[in-house]
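Residue numbers (my numbering), protein chains in the order written: chain E, 1 to 340; chain F, 1001 to 1340.
Think of the CB as a built atom: it goes at the ideal place given N, C-alpha and C, for glycine as much as any other residue.
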DNA sequence: CCAACGTCCGAAAACGTTTGCGTGTTGAAA
DNA sequence: TTTCAACACGCAAACGTTTTCGGACGTTGG
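1) Looking at chain F, which residues of the stretch 2 to 28 of chain E have a Cβ within less than 8 Å of any of its Cβ atoms?
2) My output table needs one value for residue 180(E): the three-state DSSP class, helix, strand or coil.
3) What's the call for residue 1257(F), buried or exposed, on a 16-neighbour Cβ count within 10 Å?
4) Does DSSP put residue 197(E) in a helix, a strand or coil?
5) To the nearest angstrom, how far is it from the Cα of residue 167(E) to the Cα of residue 328(E)?
6) Taking only beta carbons into account, state which residues of the stretch 276 to 306 of chain E come closer than 8 Å to chain F, listed in chain order.
7) At which residue ranges does the stretch 1022 to 1098 of chain F contain complete beta strand (DSSP E) runs of 3 or more residues, listed in the order of the chain?
8) Can you confirm whether residue 1311(F), when its beta carbon is compared against all beta carbons of chain E, has any partner nearer than 8 Å?
9) Examine the Cβ distances between the stretch 1006 to 1023 of chain F and the stretch 191 to 204 of chain E and report whether three or more of them are shorter than 8 Å.
10) At 4 residues or longer, and completely inside the stretch 1207 to 1249 of chain F: list those alpha helix (DSSP H) runs for me, N to C.
11) Looking at the strands, I want to know which residues DSSP matches up with residue 1291(F).
12) Taking 7 Å as the cut-off, does the CB of residue 1243(F) come closer than this to any heavy atom belonging to the ligand ADP?
13) Quick one: give me the first and last residue of the alpha helix (DSSP H) that residue 1298(F) is part of.
14) For residue 1190(F), which of 1277(F), 1051(F), 1291(F), 1155(F) has the nearest alpha-carbon?
15) Report buried or exposed for residue 75(E), applying the criterion of at least 16 other Cβ atoms within 10 angstroms of its Cβ.
16) If residue 93(E) and residue 310(E) are in contact, beta carbons under 8 Å, what's the gap, nearest whole angstrom?
17) DSSP on residue 1191(F), reduced to helix/strand/coil?
18) So which residues on chain E does residue 986(F) lean against when the C-beta distance must stay under 8 Å?
19) State yes or no: is the C-beta of residue 1244(F) within less than 8 Å of the C-beta of residue 1186(F)?
20) Which residue from 83(E), 335(E), 142(E) puts its Cα closest to that of residue 107(E)?
21) Assess contact between the stretch 1279 to 1291 of chain F and the stretch 1299 to 1310 of chain F, defined as three or more Cβ pairs (one per stretch) separated by less than 8 Å. Is contact present?
22) For residue 5(E), I'd like the list of residues in its chain whose CB is within less than 6 Å of its CB, leaving aside the five on either flank, ordered along the chain.
23) Got a sec: which bits of the stretch 137 to 154 of chain E sit with their beta carbon under 7 Å from any beta carbon on chain F, in order along the chain?
24) Which residue from 1193(F), 1002(F), 1114(F), 1270(F) puts its Cα closest to that of residue 1340(F)?
25) I'd like the list of long-range same chain contacts for residue 1299(F), defined as Cβ closer than 8 Å, with 5 residues on each side in sequence excluded.
26) How long is the line joining the alpha carbons of residue 1215(F) and residue 1177(F), rounded to whole angstroms?
27) Taking only beta-carbon atoms, is residue 1057(F) less than 8 Å away from chain E?
28) Output the boundary residues of the alpha helix (DSSP H) element that contains residue 260(E).
29) For residue 1162(F), report the span of its beta strand (DSSP E) as first-last.
30) On the criterion of 16 or more Cβ atoms from any shown chain inside 10 Å, does residue 321(E) qualify as buried, or is it exposed?
31) Please check if any C-beta of chain F sits within less than 8 Å of the C-beta of residue 161(E).
32) Closer than 9 Å between beta carbons: that is the criterion. Which residues of the stretch 1045 to 1056 of chain F meet it against chain E?
33) Short check: CB of residue 1064(F) to CB of residue 1119(F), under 8 Å?
34) Of all the options 137(E), 155(E), 109(E), 149(E), which has the alpha carbon lying nearest to the alpha carbon of residue 128(E)?
35) For residue 132(E), count the other beta carbons within 10 Å of its own beta carbon; 16 or more makes it buried, fewer makes it exposed. Which is it?
36) For residue 19(E), name the three-state secondary structure that DSSP assigns.
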């Protein structure tokens, strides 16, 4: 076991000073050609690599960005991470991933931990608990210390920083309009209760689309699902007694549950009922029939967030503060669960 | 914007020395009671937190572990990360996640980067390209520098370190035996080319199960898929000309593709053909029919890996080296894609 | 022959900690 | 009054870098 090589050891070995070694390796003109050659050769031979920790301490920057997400076993978040990683790597940054598990305390803990020197900035999506408590002091504090933060997906007006979101309302409208355009006359929606912000927004989009197309809005065709664990049954009950020919589901899960129920009721998708989902995940792509869905473009969101953050990090400190909110457009991915 | 508080600033503010502050905060008996109180009060008021980078440099340990995986948009890997994160956090460690994107170069790059001070050890699953090249010098080098490494899932004998694997052979046997026990007479397999070690092992399990049950092994029923992006078509071709009543797929993707193809060929699952997959992901649970599958228990693997690594990290340096390989048992999850 | 200048290199500070040891002050014992 | 613990605190080194400054030496020009 050979421990890591340091400047000091090279210096001792070659009988020069530490600073000479450092300069030689950086090709400084201060150092004589032959000395440089000797040092470089030695360093290469023994594979010298500067210690990142020491560099971080000296430069007061770590070249790593922290990303805190509510959960990782979740297609959307992994695509976001993937997007962040990609541009971060391009720009020479590392990525630390932490999980809040939707817990406020874990979010605070992780943030505190990473804020003490481990990262130069954050990209994060708020934990469910945090949004319930409406307590964002940990974020404002970190921001006050001059650490850039980018919020994505689950954002909140109270925190003053860059943000990356999708337009849920427009996305939902696209979905419903597609149902309308492909001939659906009676369109239902499977959504969540209103305190889940994205559910609320998507419901709003659904209603707007109907209204703009002079479709009646029938409260009876709106199912707000409370208990995620029992959604299957609720959806079954709902569909049994509704005579719809189009259905918009605010997530993949609801969409596939619905298709299962419909099939059991002897109704075919998309012949009898067209179905559109939200979130373009593994399920949508591989389900049979594959799902027409509103894609959130997680990778692009991640990339945007990373750009925003890195811009802030590499900006001259005297430039004026300004916070952007970039909206990543959703797009409708047409597949087999709708007609045409 | 108020920059981070340091010991030095507290010292200046309170007109004591840096060391006094440090000791006071650690409740050292060297410092007088009243001085301690004063310093602690001040630190608490202004929310002093020691700088992790400085600590890392001083202690020569970072309390973070690096995990490098081939891809993150992949259910299995996310469950592993989740498992690692859980025990890492319990033990006061942070987790850095890096992606190799199945590229050898990126794997080397990430490893080099993190090895230079950023992490105390690694948990990783090899990139496909790395296994093809059979070049593991980057790993052996890191290990030689005294940095503990734990390999999981995609492991390799050439690298001498702790490992966490599942018993692919036994898992595959369980799957095939289940097909046999539910009455299948002619069983095919959808697998990967042999340099993907798990594919190879699962194929082996398939063959062993057949042999132990006195079933003939027909090479013609084995499809080794080379190009993941074109698997759909390959599988379709394969199934069109094989008269099987049981099918074992070495991953979810292949399983659902197969079911799609079968349906298009007018063959029902599980009535005409039973299908078993590998990896218990979102797809398996929600597909129609839901997939009987071999669960890899990724979370448990991650937890095991983390324990192994942290044990090594916190071991006294004089203890003898010894490398363990822990095998996480798979289990068969019975669902609708097989009979009974 | 001496001053001036170039070339090549080393010393030291700094980043923020921790910690072994030295030192000054106090009070009490002799 | 002298001496010596005990107490309370500061100094400085160390972790591995980078970088500014200045020094030593040799060469050149006047």
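According to the data block:
1) From the stretch 2 to 28 of chain E, only 2, 3, 4 have a Cβ closer than 8 Å to chain F.
2) Counting from 1 along the first chain, the entry for residue 180(E) is found at position 180. In the three-state DSSP reduction, residue 180(E) falls in the helix class (H, G or I).
3) Translated into positions along the second chain, residue 1257(F) becomes position 257. Classification for residue 1257(F): buried.
4) Along the first chain, one-based indexing puts residue 197(E) at 197. Helix.
5) Sequence index remark: in the first chain, residue 167(E) carries index 167 (1-based). Sequence index remark: in the first chain, residue 328(E) carries index 328 (1-based). When rounded, the distance between both Cα atoms is 7 Å.
6) Flagged, chain order: 281, 282, 283, 286, 287, 288.
7) Scanning the stretch 1022 to 1098 of chain F for uninterrupted beta strand (DSSP E) segments of 3 residues or longer gives 1064 to 1069, listed from N- to C-terminal end.
8) Along the second chain, one-based indexing puts residue 1311(F) at 311. No, no contact with chain E.
9) No, the stretch 1006 to 1023 of chain F is not in contact with the stretch 191 to 204 of chain E.
10) Counting only unbroken stretches of 4 or more residues, the alpha helix (DSSP H) elements lying wholly within the stretch 1207 to 1249 of chain F are 1231 to 1240, in sequence order.
11) As a working mapping, residue 1291(F) is identified with position 291 in the second chain. Residue 1291(F) is not bridged to any residue.
12) With respect to small molecules bound, the structure shown includes none, and the ligand ADP cannot be examined in it.
13) Within the second chain, the letter at position 298 stands for residue 1298(F). Residue 1298(F) -> alpha helix (DSSP H) spans 1298 to 1314.
14) On the second chain, residue 1190(F) is found 190 positions in, with the first residue counted as 1. Minimum Cα distance to residue 1190(F) is reached at 1277(F).
15) In the first chain, the residue the question calls residue 75(E) occupies position 75. Answer is buried; the Cβ neighbour count reaches 16.
16) As a working mapping, residue 93(E) is identified with position 93 in the first chain. As a working mapping, residue 310(E) is identified with position 310 in the first chain. Between residue 93(E) and residue 310(E) a beta carbon distance of about 7 Å is seen, short of the 8 Å cut, so the two are scored as contacting.
17) Numbered from 1 along the second chain, position 191 holds the residue referred to as residue 1191(F). When secondary structure is reduced to three states using DSSP, residue 1191(F) falls in the strand class.
18) No answer is possible for residue 986(F): it lies beyond the span of chain F, which begins at 1001 and ends at 1340.
19) Position 244 of the second chain, counting from 1, holds the residue named residue 1244(F). Position 186 of the second chain, counting from 1, holds the residue named residue 1186(F). Yes, Cβ-Cβ distance for residue 1244(F) and residue 1186(F) is below 8 Å.
20) As a working mapping, residue 107(E) is identified with position 107 in the first chain. Of the listed residues, the one whose Cα sits closest to residue 107(E) is 142(E).
21) Too few Cβ pairs lie closer than 8 Å, so no.
22) Taking the first residue of the first chain as 1, we reach residue 5(E) at position 5. Within the same chain, 46, 48 come within 6 Å of residue 5(E) by CB-CB distance, once the 5 residues on both sides are set aside.
23) Identification of residues in the stretch 137 to 154 of chain E having a C-beta nearer than 7 Å to some C-beta of chain F yields 144, 145, 146, given in sequence order.
24) Numbered from its first residue, the second chain carries residue 1340(F) at position 340. Closest by alpha carbon: 1270(F).
25) Translated into the one-based positions of the second chain, residue 1299(F) becomes position 299. Within the same chain, Cβ atoms closer than 8 Å to the Cβ of residue 1299(F) are found at 1079, 1080, 1082, 1083, 1086, the five residues on either side in sequence being excluded.
26) Residue 1215(F) sits at position 215 when you count from the first residue of the second chain. Residue 1177(F) sits at position 177 when you count from the first residue of the second chain. Cα-Cα distance, rounded: 11 Å.
27) Taking the first residue of the second chain as position 1, residue 1057(F) is located at position 57. At a cut-off of 8 Å between C-beta atoms, residue 1057(F) counts as an interface residue with respect to chain E.
28) The residue labelled residue 260(E) in the question sits at position 260 within the first chain. Here the alpha helix (DSSP H) through residue 260(E) covers 252 to 264.
29) In the second chain, counting from the first residue as 1, residue 1162(F) sits at position 162. Looking at the DSSP string, the run of the beta strand (DSSP E) that includes residue 1162(F) is 1162 to 1166.
30) Sequence index remark: in the first chain, residue 321(E) carries index 321 (1-based). The residue is exposed, with fewer than 16 neighbouring Cβ atoms inside 10 Å.
31) Taking the first residue of the first chain as position 1, residue 161(E) is located at position 161. Taking 8 Å as the threshold, the shortest C-beta distance from residue 161(E) to chain F does not fall below it.
32) Going along the stretch 1045 to 1056 of chain F in chain order, one finds 1047, 1049, 1050, 1051, 1052, 1053, 1054, 1055, 1056 with a Cβ nearer than 9 Å to chain E.
33) For the purposes of this step, residue 1064(F) is taken as the residue at position 64 of the second chain. For the purposes of this step, residue 1119(F) is taken as the residue at position 119 of the second chain. Yes, the pair counts as a contact, with Cβ atoms nearer than the cut-off.
34) Position 128 of the first chain, counting from 1, holds the residue named residue 128(E). Of the listed residues, the one whose Cα sits closest to residue 128(E) is 155(E).
35) Here residue 132(E) corresponds to residue number 132 of the first chain, with the count starting at 1. Its Cβ having fewer than 16 others within 10 Å, residue 132(E) is exposed.
36) In the first chain, residue 19(E) corresponds to position 19, counting from 1. Residue 19(E) falls in the helix class under three-state DSSP.
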